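S.K.: Going line by line, the protein sequences match chains A and B.
For the first sequence, the positions run 195 to 311 when this note's numbering is used.
For the second sequence, the positions run 195 to 311 when this note's numbering is used.
Protein chains: 2
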Amino acid sequence: MEKTLAVSALGALAHEGRLDIFRLLVRAGAEGMAAGDIARATDAAASTQSANLTILSRAGLIMSRRAGRSIIYSAAYDQMRDLLGFLMEDCCGGNPAICAPLAALASQPCGAEGKTC
Amino acid sequence: MEKTLAVSALGALAHEGRLDIFRLLVRAGAEGMAAGDIARATDAAASTQSANLTILSRAGLIMSRRAGRSIIYSAAYDQMRDLLGFLMEDCCGGNPAICAPLAALASQPCGAEGKTC
DNA sequence: TTGACGATTCTATGATTCTAGAAATATAGA
DNA sequence: TCTATATTTCTAGAATCATAGAATCGTCAA
């Protein structure tokens with residue numbers, strides 16, 4: 195991932211409303227959620243909502259598809275993975291000590307103690 | 195990690211200059227770097243530099259200590275790990291599919307193909 | 001104590017971002 | 001076609017952020 199894209203993705207997530215939207219979509223899975231349902235869930239004005247969805251889209255963190263009158267948004271898991279990979283890649287440069295606990299965190303099986311995954 | 199802190203950390207990193215500083219410090223390891231050396235490496239005005247260091251500090255991503263006339267900054271690896279953990283925790287909610295490649299990414303031994311770590 | 005140096009804080013200006021109302025666009029159904 | 005619904009785009013004011021010069025603070029060495 196390029197630095198510019200990483201900055202844009204980090205900026206998109208650095209907003210309480212957009213972080214809420216993103217987490218909602220990640221929880222919603224591949225089928226996604228309609229823009230209206232997202233707005234209802236996060237209690238935001240439609241136009242504000244739409245602006246935030248655009249920002250997340252442009253950062254590549256979510257995708258959209260039309261279904262009738264609704265537009266369905268879903269999380270772009272690949273991009274999420276790339277972003278985390280980018281951050282982790284940097285974290286290892288001169289000090290692999292941080293890698294170990296991170297690897298432990300990620301490789302722990304779902305349902306293990308202290309994990310929601 | 196609390197959402198507010200996560201937003202603040204993401205916001206701190208969502209800036210090219212600050213991302214550069216942070217990556218530099220992560221590479222510098224636990225001994226850190228003096229503010230002046232960072233400014234020289236990133237080619238920034240002293241006051242701009244200082245403002246950015248303050249923002250990263252307040253987000254908990256870096257720490258500082260005085261050494262004579264210099265102030266030495268170093269990356270807060272724990273906070274970095276917590277932030278990644280927070281993002282990963284969310285990514286697993288309803289769709290563990292993303293966990294697997296992430297775990298692979300993180301648990302891959304340093305020096306493996308396609309990894310800088 | 002004085003001077004030099006490293007760094008921060010103060011300050012003001014310019015740029016960007018946030019927000020939501022109003023208008024416009026796209027689709028479905030009668 | 002006409003109407004209702006879902007969503008986006010347009011717009012402008014308010015708020016926040018970014019930047020760097022100038023002044024200040026803390027430390028060291030002579």
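Even for Gly, the Cβ is constructed at its ideal location relative to N, Cα and C.
Bear in mind that the values here come from a model prediction, so they are computed numbers and not experimental data.
Cβ closer than 7 angstroms: which chain B residues qualify as neighbours of A:Gly-205?
M.R.: Here residue 205 of chain A is taken as the residue at index 11 of the first sequence, counted from 1. Ordered by position in chain B, the residues that pass the 7 angstroms Cβ test against A:Gly-205 are Ala-208.
S.K.: If we define contact as Cβ-Cβ less than 8 angstroms, is A:Met-282 a contact residue for chain B?
M.R.: Residue 282 of chain A sits at position 88 when you count from the first residue of the first sequence. Cβ-Cβ to chain B under 8 angstroms: yes for A:Met-282.
S.K.: So, using beta-carbon positions, are A:Ala-270 and A:Leu-247 closer together than 8 angstroms?
M.R.: Here the question's residue 270 of chain A lines up with position 76 in the first sequence. Here the question's residue 247 of chain A lines up with position 53 in the first sequence. No; because the gap between Cβ atoms is not below 8 angstroms, this pair is not in contact.
S.K.: Would A:Arg-217 be called buried (16 or more neighbouring beta carbons within 10 Å of its own) or exposed?
M.R.: In the first sequence, residue 217 of chain A corresponds to position 23, counting from 1. Buried is the call here.
S.K.: Find out if the Cβ-Cβ distance for the pair A:Ile-266, A:Ala-238 is shorter than 8 angstroms.
M.R.: As a position in the first sequence, residue 266 of chain A is number 72, starting the count at 1. As a position in the first sequence, residue 238 of chain A is number 44, starting the count at 1. Not in contact: A:Ile-266 and A:Ala-238 (Cβ atoms no closer than 8 angstroms).
S.K.: Does DSSP put B:Leu-213 in a helix, in a strand, or in coil?
M.R.: In the second sequence, counting from the first residue as 1, residue 213 of chain B sits at position 19. Three-state DSSP puts B:Leu-213 in a helix.
S.K.: Output needed in chain order: residues of the segment 265-278 of chain A with a Cβ under 9 angstroms from some Cβ in chain B.
M.R.: Cβ contacts with chain B: Ala-269, Tyr-271, Asp-272, Met-274, Arg-275, Leu-277 and Leu-278.
S.K.: Since B:His-209 and A:Val-201 are thought to touch, with beta carbons under 8 angstroms apart, how far apart are those beta carbons, to the nearest angstrom?
M.R.: Residue mapping note: residue 209 of chain B aligns to position 15 of the second sequence, counting from 1. Residue mapping note: residue 201 of chain A aligns to position 7 of the first sequence, counting from 1. With a Cβ gap of about 7 angstroms, B:His-209 and A:Val-201 count as contacting.
S.K.: Could you say which of B:Met-282, B:Leu-277 and B:Glu-283 lies nearest to B:Ala-206 if we only look at CA atoms?
M.R.: Taking the first residue of the second sequence as position 1, residue 206 of chain B is located at position 12. If we check each option's Cα against that of B:Ala-206, B:Leu-277 comes out closest.
S.K.: Helix, strand or coil, according to DSSP, for A:Arg-263 in the structure here?
M.R.: What you label residue 263 of chain A is simply residue 69 of the first sequence in a count that begins at 1. Coil, per DSSP.
S.K.: If we call anything under 8 angstroms between Cβ atoms a contact, is B:Ser-264 one with B:Gly-226?
M.R.: Counting from one through the second sequence, the residue named residue 264 of chain B turns up at place 70. Counting from one through the second sequence, the residue named residue 226 of chain B turns up at place 32. No.
S.K.: Taking just the CA atoms, how far does B:Met-282 sit from B:Thr-198?
M.R.: Along the second sequence, one-based indexing puts residue 198 of chain B at 4. Along the second sequence, one-based indexing puts residue 282 of chain B at 88. Approximately 16 angstroms between the Cα atoms of the pair.
S.K.: I'd like to know if B:Leu-255 contacts chain A, where contact means its C-beta is closer than 8 angstroms to some C-beta of that chain.
M.R.: Translated into the one-based positions of the second sequence, residue 255 of chain B becomes position 61. Not an interface residue.
S.K.: Can you tell me the Cα-Cα spacing of A:Arg-275 and B:Arg-260, whole angstroms?
M.R.: Within the first sequence, the letter at position 81 stands for residue 275 of chain A. Within the second sequence, the letter at position 66 stands for residue 260 of chain B. Whole-angstrom Cα-Cα distance: 37 angstroms.
S.K.: Determine the extent of the alpha helix (DSSP H) in which B:Gly-205 is found, giving its start and end residues.
M.R.: As a position in the second sequence, residue 205 of chain B is number 11, starting the count at 1. Its alpha helix (DSSP H) spans residues 197-207.
S.K.: Who are the Cβ neighbours of A:Leu-213 in its own chain at under 7 angstroms, not counting the five residues just before and after it?
M.R.: As a working mapping, residue 213 of chain A is identified with position 19 in the first sequence. Hits under 7 angstroms: Leu-207.
S.K.: Alpha carbon to alpha carbon, how far is A:Leu-204 from A:Gly-262?
M.R.: Counted from its first residue, the first sequence places residue 204 of chain A at position 10. Counted from its first residue, the first sequence places residue 262 of chain A at position 68. Whole-angstrom Cα-Cα distance: 32 angstroms.
S.K.: According to DSSP, is A:Ala-235 part of a helix, a strand, or is it coil?
M.R.: Position 41 of the first sequence holds residue 235 of chain A. DSSP places A:Ala-235 in helix when its eight states are reduced to three.
S.K.: Beta-carbon of B:Leu-213 versus every beta-carbon of chain A: anything under 8 angstroms?
M.R.: Start at 1 with the first residue of the second sequence, and residue 213 of chain B comes out as number 19. Output row for B:Leu-213: interface = yes.
S.K.: Contact defined as beta carbons within less than 8 angstroms: I believe B:Ile-215 pairs with B:Thr-242. What is the distance between those atoms, to the nearest angstrom?
M.R.: On the second sequence, position 21 is the one that residue 215 of chain B refers to. On the second sequence, position 48 is the one that residue 242 of chain B refers to. B:Ile-215 to B:Thr-242, Cβ: 11 angstroms. No contact.
S.K.: Grouping DSSP H, G and I as helix and E and B as strand, with all else coil, what is B:Ala-253?
M.R.: Residue mapping note: residue 253 of chain B aligns to position 59 of the second sequence, counting from 1. In the structure shown, B:Ala-253 sits in coil (DSSP, three-state: anything other than H, G, I, E or B).
S.K.: Could you pull the DSSP bridge partners for A:Ala-228 from this structure?
M.R.: In the first sequence, counting from the first residue as 1, residue 228 of chain A sits at position 34. Answer is A:Ile-266, bridged to A:Ala-228.
S.K.: Tell whether a beta-carbon distance below 8 angstroms holds between B:Ser-244 and B:Ser-251.
M.R.: Here residue 244 of chain B corresponds to residue number 50 of the second sequence, with the count starting at 1. Here residue 251 of chain B corresponds to residue number 57 of the second sequence, with the count starting at 1. Cβ distance not < 8 angstroms, so B:Ser-244 and B:Ser-251 don't count as in contact.
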